[in-house]
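K.L.:
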Amino acid sequence: MKQRTPIIAGNWKMNNTAKEGVALVNAVKPLVADAKCKVVVCVPAIDIPAVAEALKGSNIALGAQNVHFAEKGAYTGEISAAMLKEYGVKYVIIGHSERRQYFGETDETVNKRTLAALGAGLVPIVCIGETLEEREGGKTENVLDRQIETGLKGIDDISKIVIAYEPVWAIGTGKTATCEQANETIGYIRKKCAEVFCPKCAEKVRIQYGGSMNAGNCKQLMAMPEIDGGLIGGASLKAVDFATIVCYDQGGIQGMKLPKELL
Ligand code: PGA
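According to the numbering used here, the stretch in the sequence shown is residues 77 to 339, in order.
(1) Quick check: the region 230-239 against the region 249-257, are at least 3 beta-carbon pairs closer than 8 Å?
(2) When the Cα of residue 306 is compared with those of 316, 314, 315 and 324, which residue comes out closest?
(3) To test your reading of the DSSP string, which unbroken alpha helix (DSSP H) runs of 4 or more residues are found completely within the region 126-175?
(4) Please indicate yes or no: does the CB of residue 310 lie closer than 6 Å to some heavy atom of the ligand PGA?
(5) Just to confirm my understanding: we take residue 329, look at its own chain, exclude 5 residues before and 5 after, and list those with CB closer than 6 Å. What are they?
(6) Quick check: does the Cβ of residue 321 come within less than 6 Å of any heavy atom belonging to the ligand PGA?
(7) Mark residue 204 as exposed unless 16 or more other C-beta atoms lie within 10 angstroms of its C-beta, in which case mark it buried.
(8) Let me know if residue 74 comes out buried or exposed under the rule of 16 or more other beta-carbons within 10 Å of its beta-carbon.
(9) Below 6 Å, is the gap between the Cβ of residue 307 and the nearest heavy atom of the ligand PGA?
(10) Would you identify the three-state DSSP class for residue 342, choosing helix, strand or coil?
(11) With a 10 Å radius around its C-beta and 16 neighbouring C-beta atoms as the bar for buried, classify residue 275 as buried or exposed.
(12) Could you give the residue range of the alpha helix (DSSP H) that holds residue 106?
(13) When you compare each of 95, 113, 292 and 293 to residue 129 by their alpha carbons, which one comes out closest?
(14) State the DSSP-derived secondary structure class of residue 79, mapped to helix, strand or coil.
(15) Can you find the residues in the same chain that come closer than 6 Å, C-beta to C-beta, to residue 298, ignoring five residues on each side of it along the sequence?
(16) Kindly indicate which three-state DSSP category residue 113 falls into: helix, strand or coil?
See the structure below:
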């Protein structure tokens, strides 16, 4: 039994039109209906209305991939927390490394978005993690310290957010961190959260691992005591793979009658 209820979230990134997204969640729903962990899919903004409808009555929660920090106003191309909430969105990924790398996201903007999301009653899934260069240069802890101190500044109860530890070098590369590496680094993040915030909240905050987690390696990763779930990119695009990860502690989806089109 895990100390904290695990949370497995799919991050579709810029994949799936609304129609494709609905087909995917319709395939996933029956496969994860008995899941013991919390299940989330974080979908492209324009897919939200259709996927929200398809998820009604299921045990899968809806998430977005970004949110702006202002309530409303002259921010062409951006989406506010209220717009997400109107469709029943509960979670929002903030500070994914792809946004940091390609869209100028910084620890400061991560902080603003996180506080705005929390203020609106959304659960932020805040992504942190080091690049390969930083790991090889022995800077992992410094980078995480900065991302925690600045990115999470001013949060009164850290247990209200989810943290996703995603080593940048493991994202979409097929190179997973070893279970020990992931466990040790997540342990470090929890220790840092206890120092910066409060020990009790740090015990409660769920910290996911993300980076090439898949149907084959999920069980070993999830067996590590510090790992409270996964943020799943590529493997969340295939119903069977995603459901296998979600059901990691129930023997996967073996024995389930799969619809023909999924075989
Ligand atoms: P991946 O992506 O599972 O495809 O490595 C994870 C993520 O970027 O959240």
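Glycine included, C-beta positions come from ideal geometry on N, C-alpha and C.
P.N.:
Reading from the atomic positions:
(1) no
(2) The count along the sequence shown starts at 1 and reaches residue 306 at position 230. The shortest C-alpha separation from residue 306 is found at 324.
(3) Every alpha helix (DSSP H) stretch that sits fully inside the region 126-175 and reaches 4 residues is listed by chain position as 157-162.
(4) Numbered from its first residue, the sequence shown carries residue 310 at position 234. Taking 6 Å as the cut-off, one finds at least one heavy atom of the ligand PGA near enough to the beta carbon of residue 310.
(5) Indexing the sequence shown from 1 puts residue 329 at position 253. Hits under 6 Å: 107, 319, 320 and 323.
(6) Sequence index remark: in the sequence shown, residue 321 carries index 245 (1-based). Answer for residue 321: no, Cβ out of range of the ligand PGA.
(7) Taking the sequence shown and counting its residues from 1, one reaches residue 204 at position 128. Classification for residue 204: buried.
(8) Residue 74 lies beyond the stretch modelled for the chain, which goes from 77 to 339, so this question has no answer here.
(9) Indexing the sequence shown from 1 puts residue 307 at position 231. Yes.
(10) Since the first and last residues shown for the chain are 77 and 339, residue 342 lies out of range.
(11) For the purposes of this step, residue 275 is identified with residue 199 of the sequence shown, where counting begins at 1. Under this definition residue 275 is an exposed residue.
(12) In the sequence shown, the residue the question calls residue 106 occupies position 30. Looking at the DSSP string, the run of the alpha helix (DSSP H) that includes residue 106 is 94-108.
(13) Position 53 of the sequence shown holds residue 129. Selected option, being the one with the closest Cα: 95.
(14) As a working mapping, residue 79 is identified with position 3 in the sequence shown. Residue 79 sits in coil when the DSSP states are folded into three classes, being neither helix nor strand.
(15) If you number the sequence shown from 1, residue 298 lands on position 222. Only 324 meet the Cβ criterion.
(16) Along the sequence shown, one-based indexing puts residue 113 at 37. Reduced to three states, the DSSP call for residue 113 is coil.
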